[in-house]
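For reference, the structure discussed in these notes is given below.
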Amino acid sequence: MEKETEKLGGQEPHDEIIDVEAFTKEGKRPPVGKKYKVKIGEHYFIFDHHVVTGRELLEKASIRPLECFWLYQKLKDCDFEKIDLTEKVDLAKGGIEHFVVKPTEVFNYFVDSEPETTDQKELSPNQILEAAGLTPVSDYYLVRINSDGSQTSLKDSPTTPLKMVCPAVKFISAFRGETNVS
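Going by my numbering, the sequence shown opens with residue 52, and the numbers climb by one from there.
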């Protein structure tokens, strides 16, 4: 009995843990109403219910911030399938091999509090200004708002590529010319 409990990770035999990956390899469908062991990335996690959301999978694996990662499920004899944060996955449906987490391929950022999105890994300040509709870009420059609240002027580097990162970076635009005061 002691060895059986140890094998189940400290669980009593009546709290059977179903290894979803092993059931899939054996061509079996996991039973409903059990605990489920799933592989997320390189680690295994136990879920107490068979229907979980993408958010629950990422949170259980301590992946944060959630919006900076994409979750995929690997199905037997199939390619990878993307799972959204609110999408439900039935661990007892069978065919799930494991889950893979990848960094986002889409980056969000803000210019003057307006949201922008890109799939480019790098953008220059001028490209960011143009995407935000601030043209001609030669009349403006960007100021980056750092995570600690400090600001970094990009006035002297309008064409230097900036690495797009997650979570979203905030910028404010500044006019290069003189402002008339009445």
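All residues carry an ideal CB built from backbone N, CA and C; glycine is no exception.
A quick note: this is a predicted structure, and the numbers were derived from the prediction, not measured.
Tell me whether residue i sits in a helix, a strand or coil according to DSSP, three-state version.
{"i": "Glu173", "result": "strand"}
{"i": "Ser245", "result": "Limits of the chain in this structure are 52 at one end and 233 at the other, which puts residue 245 out of reach."}
{"i": "Thr210", "result": "coil"}
{"i": "Arg80", "result": "coil"}
{"i": "Val216", "result": "coil"}
{"i": "Arg227", "result": "coil"}
Thinking C-beta only, is residue j closer than 8 Å to residue i?
{"i": "Ser224", "j": "Val162", "result": "yes"}
{"i": "Asn177", "j": "Pro166", "result": "no"}
{"i": "Val151", "j": "Lys125", "result": "yes"}
{"i": "Pro81", "j": "Pro218", "result": "no"}
Taking the straight line between their C-alpha atoms, what separation do you get for residue i and residue j?
{"i": "Gly145", "j": "Thr169", "result": "36 Å"}
{"i": "Asp66", "j": "Cys129", "result": "31 Å"}
{"i": "Tyr95", "j": "Lys214", "result": "32 Å"}
{"i": "Glu77", "j": "Gln202", "result": "57 Å"}
{"i": "Pro154", "j": "Glu229", "result": "42 Å"}
{"i": "Leu122", "j": "Phe226", "result": "41 Å"}
{"i": "Thr137", "j": "Glu118", "result": "12 Å"}
{"i": "Leu108", "j": "Gly92", "result": "11 Å"}
{"i": "Ser198", "j": "Lys206", "result": "19 Å"}
{"i": "Val220", "j": "Ile196", "result": "7 Å"}
{"i": "Glu173", "j": "Ser164", "result": "20 Å"}
Using the beta-carbon count (16 or more within 10 Å), is residue i buried or exposed?
{"i": "Ala73", "result": "exposed"}
{"i": "His100", "result": "exposed"}
{"i": "Lys133", "result": "exposed"}
{"i": "Val216", "result": "exposed"}
{"i": "Lys88", "result": "buried"}
{"i": "Thr75", "result": "buried"}
{"i": "Gly105", "result": "buried"}
{"i": "Val157", "result": "exposed"}
Do the region 127 to 144 and the region 183 to 200 touch if we need at least three Cβ pairs shorter than 8 Å? no
Between the region 146 to 154 and the region 192 to 209, can you find at least three pairs of beta-carbon atoms closer than 8 Å? Using a Cβ-Cβ distance cut-off of 8 Å, the region 192 to 209 and the region 146 to 154 are not in contact, since fewer than three pairs of beta carbons, one from each stretch, lie closer than that value.
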